[in-house]
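To start, the structure itself, in C-alpha cells.
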Amino acid sequence: AQSVTQLDSQVPVFEEAPVELRCNYSSSVSVYLFWYVQYPNQGLQLLLKYLSGSTLVKGINGFEAEFNKSQTSFHLRKPSVHISDTAEYFCAVGDNAGNMLTFGGGTRLMVKP
Amino acid sequence: DAGVIQSPRHEVTEMGQEVTLRCKPISGHDYLFWYRQTMMRGLELLIYFNNNVPIDDSGMPEDRFSAKMPNASFSTLKIQPSEPRDSAVYFCASSPLGAADEAFFGQGTRLTVV
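Residue numbers (the working numbering), protein chains in the order written: chain A, -13 to 99; chain B, 1330 to 1443.
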C-alpha cells in the first residue's frame, strides 16, 4: 500500500516570496511522483513528474521539485510566486504494481499582494 | 483532442433518485479513473479501468455505486439510490500508461443531493 502526506493544509505567502510545499510518501515499491495544481472550479492539471533519472525536476510555471529517496519526500518549490499561483496543489504517488495514483490531501497556496 | 469530457457539469437531485455521471476519455488512453473530491476526505479513487475492464473498485464506497465502461470512448458512474452524503465533485481522468504517466482530468461533475 502507498500513502501521501502533505504536511501543510494551507500556505499563505506574499507575492514574489519563495515557497515550498511539502510532500512525503510511503510505498513498498518503486514509485512515480507527481504534483498537480487545481484552480477553482477546474480539474487537476499536471505541474511536473518524476519517473526516473535526475532527482531535480522542473515543471511548468517556474515550479520545481526534488525527489529525496532517503527522506521519502518530493517537495515543491518556486523561487518567486505570483498572485496567479493561488490554487490547491496535490502531490501524488503512483506505483508500477497497482497502476493507481494516490493523492495527498492537498495544500492551498494563498498568495497575497 | 478536446480533453476528457464529463457531463453534466452540475447535477442537483433529490435523495433516493438515481444519478448517472458520464465521461468521455481522451482517445487512445488505455486507463480511465473515477475520483471523488470532498472537503472532508480529499481526492479519493473510486475505481479504475484498463482497456475497458474494471481493475480495482475497492474505493467504491457502497453497493449503491456502480461504474461501467462499455467501450473505449465512454464510461458511466451511477449512484442508485443517491443520498445527501454523496454530494461531492466527481472527476474522471484518463491516462495512456496508468500510474507511470500523466493523468488528464475532466472538469468534474458537482453533485448535490438534497
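Glycine included, C-beta positions come from ideal geometry on N, C-alpha and C.
Being a predicted model, the structure only gives us computed values, none of them experimental.
Query: Beta-carbon neighbours of A/Leu19, restricted to chain B and to distances below 9 Å; Result: Chain B residues near A/Leu19: none, gap ~10 Å exceeds 9 Å.
Query: Nearest-angstrom Cβ-Cβ length linking A/Tyr75 and A/Gly91, presumed shorter than 8 Å; Result: That pair is no contact at about 11 Å.
Query: Chain B contact for A/Gly91 (CB, 7 Å cutoff); Result: yes
Query: Simplified DSSP state of A/Arg94, which is helix, strand or coil; Result: strand
Query: Identity of the residues DSSP links to B/Thr1349 by a beta bridge; Result: B/Lys1407
Query: Where B/Thr1438 falls, given that 16 or more other Cβ within 10 Å makes a residue buried; Result: buried
Query: Candidates A/Val17, A/Gln31, A/Glu1, A/Pro99: closest to A/Val(-10) by CA position; Result: A/Val17
Query: Residues sharing a beta bridge with A/Tyr22, DSSP; Result: A/Leu32, A/Phe76
Query: Residues, ordered as in the chain, of the stretch -8 to 8 of chain A that lie near chain B by beta-carbon distance below 7 Å; Result: none
Query: Under 8 Å by beta carbon: chain A residues contacting B/Phe1420; Result: Gly29, Leu30
Query: Beta-bridge partners of A/Gln(-8), as assigned by DSSP; Result: According to DSSP, which records beta bridges pairwise, A/Gln(-8) is partnered with nothing at all.
Query: For B/Asn1400, the three-state DSSP class (helix, strand or coil); Result: strand
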